[in-house]
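Student:
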Amino acid sequence: KAGVTQTPRYLIKTRGQQVTLSCSPISGHRSVSWYQQTPGQGLQFLFEYFSETQRNKGNFPGRFSGRQFSNSRSEMNVSTLELGDSALYLCASSQGYSPIRTQYFGPGTRLLVL
Amino acid sequence: QKEVEQNSGPLSVPEGAIASLNCTYSDRVSQSFFWYRQYSGKSPELIMSIYSNGDKEDGRFTAQLNKASQYVSLLIRDSQPSDSATYLCAVNRETSYDKVIFGPGTSLSVIP
Numbered sequence: 001k002a003g004v005t006q007t008p009r010y011l012i013k014t015r016g017q018q019v020t021l022s023c024s025p026i027s028g029h030r031s032v033s034w035y036q037q038t039p040g041q042g043l044q045f046l047f048e049y050f051s052e053t054q055r056n057k058g059n060f061p062g063r064f065s066g067r068q069f070s071n072s073r074s075e076m077n078v079s080t081l082e083l084g085d086s087a088l089y090l091c092a093s094s095q096g097y098s099p100i101r102t103q104y105f106g107p108g109t110r111l112l113v114l
Numbered sequence: 001q002k003e004v005e006q007n008s009g010p011l012s013v014p015e016g017a018i019a020s021l022n023c024t025y026s027d028r029v030s031q032s033f034f035w036y037r038q039y040s041g042k043s044p045e046l047i048m049s050i051y052s053n054g055d056k057e058d059g060r061f062t063a064q065l066n067k068a069s070q071y072v073s074l075l076i077r078d079s080q081p082s083d084s085a086t087y088l089c090a091v092n093r094e095t096s097y098d099k100v101i102f103g104p105g106t107s108l109s110v111i112p
């Protein structure tokens, strides 16, 4: 079974631009979570989607948004990019949305904001 | 107090030794626990999950859970240089549809 895929793998943007990242979960998985990882802050939760609905949200500004499609694929968007948005963005999928769920991570998208 | 805490590291062990990684959590209703390994520049990879008190073994890895003391540990026997990575502890709360909580990670270096 194919794992979680994320595109693109690398991105370079400039301040003020916007970016859209894509995540395809493992086949049959319906829950998708997004994380931001930086050396200083570690793994920080952005949001989680299940059945096209946002179920949980982390403490990020409104510039960070996401959505999930009927095929469980998910996208996240960051508008008005800032230098501090440079990070590894990770997507993780799980089979369902239950309190006990195991998450599997994709390879990540490395974003550099200049 | 952070929700999930881990030894900050870095932890260095000689090849062949046992590496012990610890994780404590603050929410007593936490019910499922995970260990992820993350190599530099890569994404986290699930190593083990544990739900019940006691030990769970998988190859060279043993996870230990003590809910009364609110800690979970990961032992790596016969450590190899390829085990050098950051290890992340993650916690779910059974009674809540809340996000999975990750610890800050412990960096492990296995010296040949």
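First to last, the protein sequences are chains F and W.
Just so you know, we're using this note's numbering here: the first sequence kicks off at 1 and counts up by one.
Just so you know, we're using this note's numbering here: the second sequence kicks off at 1 and counts up by one.
A virtual CB, placed ideally from N, CA and C, is assigned to each residue, including glycine.
(1) Using the rule of at least 16 other Cβ atoms within 10 Å of the residue's Cβ for burial, across every protein chain shown, is F/A2 buried or exposed?
(2) How many angstroms separate the CA atom of W/P14 from the CA atom of W/S79?
(3) Counting Cβ pairs, one atom from each stretch, are 3 or more of them under 8 Å apart for the region 103-112 of chain F and the region 15-28 of chain W?
(4) Exposed or buried, what is W/R28 when buried is set at 16 or more other beta-carbons lying within 10 Å of its beta-carbon?
(5) In the DSSP assignment, find the beta strand (DSSP E) that holds F/Q54 and state where it starts and stops.
(6) Classify W/L108: buried if its beta carbon has 16 or more other beta carbons within 10 angstroms, exposed otherwise.
(7) What would DSSP say about W/D83, mapped onto helix, strand or coil?
(8) Would you give the residue range spanned by the beta strand (DSSP E) that W/I111 belongs to?
(9) With 16 as the cutoff for other CB atoms within 10 Å, does F/S70 come out buried or exposed?
(10) Could you tell me the distance, in whole angstroms, from the CA atom of F/Q18 to the CA atom of F/V113?
(11) Quick one: complete beta strand (DSSP E) runs, 3+ long, within the region 3-40 of chain W?
(12) Measure from the C-beta of W/V72 to each C-beta in chain F and report whether the shortest distance is under 9 Å.
(13) Report all residues from its chain with a CB closer than 8 Å to the CB of F/S79; omit the five preceding and five following residues, and keep chain order.
(14) Is the region 4-11 of chain W touching the region 40-55 of chain F in the sense that three or more CB pairs, one from each, lie closer than 8 Å?
(15) For F/L112, go through chain W and note every residue whose CB falls closer than 7 Å to its CB, in chain order.
(16) Distance cutoff 9 Å, beta carbons only. Does F/L11 sit that close to anything in chain W?
(17) Looking at W/N53 and W/A68, is the spacing between their C-beta atoms short of 9 Å?
(18) If you follow the beta strand (DSSP E) that F/G66 is part of, which residue opens it and which one closes it?
(19) Rounded C-beta distance between W/Q70 and F/I100? I'm assuming under 8 Å.
(20) Could you pull out every residue in the same chain whose Cβ sits closer than 7 Å to the Cβ of W/N66, ignoring the five residues on either side in sequence?
(21) Could you tell me the boundaries of the beta strand (DSSP E) in which F/G42 lies?
Tutor: The answer reads as follows:
(1) exposed
(2) Each residue's Cα considered, the two are about 7 Å apart.
(3) Result no; under three Cβ-Cβ pairs closer than 8 Å.
(4) Result: exposed.
(5) That run of the beta strand (DSSP E) goes T53 to K57.
(6) buried
(7) helix
(8) T106 to I111
(9) exposed
(10) F/Q18 and F/V113: Cα-Cα distance of roughly 10 Å.
(11) 4-6, 11-14, 19-25 and 30-38
(12) No - not a single Cβ of chain F is within 9 Å of the one on W/V72.
(13) Excluding sequence neighbours, F/S79 sits near Q18, R63 and S65.
(14) no
(15) The contacting residues do not exist; F/L112 stays about 14 Å from chain W at best.
(16) no
(17) yes
(18) For F/G66, the enclosing beta strand (DSSP E) begins and ends at F64 to Q68.
(19) Contact doesn't hold; Cβ gap of about 18 Å is too wide.
(20) N53
(21) Going by DSSP, F/G42 is part of the beta strand (DSSP E) stretching over G42 to F50.
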